[in-house]
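Heads up: the structure comes next, in structure tokens.
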Amino acid sequence: MKKRFAGLGKFNKIIVISLPVVLLILLVRMQSFTHQELISPECQVKKWDIPVSLTAENQDAFPQKQKLPLIPRLPITCCQSDPSCLDEVIYGKIPEKKALISAIARSLQYLQTANAATAYQNYPVAGITRDRVFKSLKRFRELLLKTNSATELHQAIEREFVLYQSVGKDNKGSVLFTAYYEPLYAASRLPTTEYRYPVYRLPPDFNSWTKPHPTREELEGVDGLQSAKGKLRGLELFWFRDRLEPYLAQIEGSARLQLPDGTQTTIGYGGNTAYNYKSIGRELVNDGKLPLQGITMPIILDYFQKHPQELNIYIPRDRSFVFFQENHGEPAQGSINVPLTAERSIATDKSLMPPGALALIRASIPFVNPTGKMQERIISRYVLDQDTGGAIKGAGRVDYFLGTGKIAGDRAGVTVSNGQLFYLLLKSKQELNTLAF
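Here the sequence shown stands for residues 4 to 440, where the numbers follow the numbering used here.
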């Protein structure tokens, strides 16, 4: 679900870019957010960095172009004064255990497929195999079902698991987190005076299109209404009220649609043209329409609400184009072809990270507090690596799936923070004997 020229799964060699990745260039944190500080110095973020000794031990023997993306280490002992070390919401007032168990089941299903066997054939990190990932997930699920608190679960993980930590963007474990979501829009199966802006199914002859492919402007016109004159004629799938909405659906790679008869359906990635995505937010900054400092996706959307005529200037600058298919209400899918789970699925670079594997993320994530304001909290969450993104490149990037609808979108639009990424694998005999903090 991202600028997936892809979105969500059903593809291998595709270009995919997530909406929050636009914000990589544009976004700086909103200073008004309340940031939860950890209480004692020993619990600060540095505790979660990769120890220098482990970095040297695991990386020095490799040429620069072959640096390992993950380094094994023992689990990190939680400080009593640091509740953010634990994934407490699993056992909270509204337990999230069921959602996590469901996400685990989906990864277990994937790991038994031929696609998973192929993906793990040449995985670059020794010791991480499909069989080990599968057994680790099954054991974690057993622990999840029998434990009654986050502390009890964490203690069991300390006894039985190894953390393979991402080296991050700095070789010390620092990972940039953004987020994505599934938007909800009003749409119609038929064009009307109200619903005028279409999204399109993949042309049946798309594989025979010569390159360079037609640009966005050549396909749908400057105003997004000229498709009947060209290659997209008759391929309209749904119509939207607003010029921006089908474009944002392309950025996210999927959408849930509310139809005039009260029913809902979903659309997902169907294909894409061979162009890299260009951020319209970045273009606004380049043209001096918005300042770089403090810009967020809500600010970008507000600008176009006030200046809708400028959509016909900026949207055509993005030459890339995404096609869709109707998924008939099915939830958004990740690149491993399983449904994504809100707050429990992540997207990473699948050339480096183990698909379907169990991970632990630790980052500052915005939440809506009871007063309706956004508030950041440092959290730890057990997640499943079930998606990818063309702009999610390298060991230093994670995109976090926040779910469906406006609140998820509001949160995704302002998510950008540095944190850490770990994969949980059952200890091997060798690791029991050699690993140390």
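Here a beta-carbon is modelled for each residue, glycine too, at the ideal position from N, C-alpha and C. Since we're looking at a predicted model, the values are computed, not measured.
Checklist entry - So, residue 270 versus residue 327, is the Cβ gap smaller than 7 Å? => result yes
Checklist entry - When DSSP labels each residue in this structure, what does residue 126 get in the three-state scheme? => result coil
Next on the checklist: Let me confirm a value: residue 213 is counted as buried when at least 16 other C-beta atoms fall within 10 Å, else exposed. Which label applies?
Outcome noted: exposed
Checklist entry - Thinking C-beta only, is residue 342 closer than 7 Å to residue 418? => result no
Next on the checklist: Could you give the first and the last residue of the continuous beta strand (DSSP E) run that contains residue 380?
Outcome noted: Boundaries of the beta strand (DSSP E) harbouring residue 380: 377 to 390, taken from the DSSP string.
Next on the checklist: In the DSSP output, what is residue 407 paired with across the bridge?
Outcome noted: 185
Next on the checklist: Once the 5 residues before and after residue 303 are set aside, which same chain residues still bring their CB inside 6 Å of it?
Outcome noted: 284
Checklist entry - What separation, rounded to the nearest whole angstrom, lies between the Cα atoms of residue 157 and residue 164? => result 10 Å
Item to check | Coil, strand or helix - residue 324 by DSSP | outcome: coil
Next on the checklist: Less than 7 Å between the C-beta atoms of residue 402 and residue 184, yes or no?
Outcome noted: no
Item to check | Cβ contact (3+ pairs, closer than 8 Å) linking the segment 343 to 358 and the segment 219 to 239 | outcome: no
Item to check | Outcome for residue 3 when other beta-carbon atoms lying within 10 angstroms are tallied against a minimum of 16 | outcome: Outside the shown range of the chain (4 to 440) lies residue 3, about which nothing can therefore be said.
Next on the checklist: For a quick check, are the C-beta atoms of residue 148 and residue 110 less than 7 Å apart?
Outcome noted: No. Outside cutoff.
Next on the checklist: Assuming contact is defined by CB atoms lying nearer than 7 Å, are residue 347 and residue 102 in contact in what I supplied?
Outcome noted: yes
Item to check | Residues sharing a beta bridge with residue 336, DSSP | outcome: 342
Checklist entry - For residue 239, which residues does DSSP report across the bridge? => result Answer by DSSP bridge pairing, in chain order: 203.
Checklist entry - Grouping DSSP H, G and I as helix and E and B as strand, with all else coil, what is residue 74? => result strand
Next on the checklist: Less than 7 Å between C-beta atoms, sequence neighbours within five positions excluded: which residues of the same chain meet that for residue 431?
Outcome noted: Once the five neighbours on either side are set aside, the close Cβ partners of residue 431 are 130.
Item to check | Contacting residues, own chain, Cβ-Cβ under 7 Å from residue 153 (five flanking each side not counted) | outcome: 89, 90, 91, 93 and 94
Checklist entry - Of the residues 413, 416, 192 and 167, which one's Cα is nearest the Cα of residue 331? => result Here the closest residue by C-alpha is 192.
Item to check | Span separating the alpha-carbon of residue 290 from that of residue 205 | outcome: 33 Å
Next on the checklist: Going residue by residue through the segment 87 to 166, where are the continuous alpha helix (DSSP H) segments of at least 4 residues, counting only ones entirely within it?
Outcome noted: Segments of the alpha helix (DSSP H) lying fully in the segment 87 to 166: 100 to 114, 117 to 124, 133 to 149 and 153 to 163.
Item to check | First and last residue of the uninterrupted alpha helix (DSSP H) at residue 307 | outcome: 300 to 309
Item to check | For residue 319 and residue 413, believed in contact at Cβ under 8 Å, the rounded distance | outcome: Not really, about 27 Å apart at Cβ, beyond 8 Å.
Checklist entry - Quick one: what does DSSP say residue 254 is sitting in, helix, strand or coil? => result Helix.
Item to check | Beta-carbon contacts of residue 420 that lie in its chain and below 6 Å, excluding the five residues immediately before and after | outcome: 180, 366 and 367
Item to check | residue 345 to residue 70 span [Cα, whole Å] | outcome: 32 Å
Item to check | Separation of residue 238 from residue 423, as counted between CA atoms | outcome: Those two C-alpha atoms are separated by around 43 Å.
Checklist entry - So what does DSSP say about residue 217, is it helix, strand or coil? => result coil
Checklist entry - Do you know offhand how far residue 171's Cα is from residue 266's? => result 43 Å
Checklist entry - Based on Cα-Cα distance, which residue from 406, 388 and 411 lies nearest to residue 400? => result The residue with the shortest Cα to Cα distance from residue 400 is 388.
Checklist entry - In its own chain, which residues sit with a C-beta less than 8 Å from the C-beta of residue 333, not counting the 5 before and 5 after it? => result 269, 271 and 342
Next on the checklist: Closest to residue 200 by C-alpha separation, out of 218, 240, 99 and 150, would be which residue?
Outcome noted: 240
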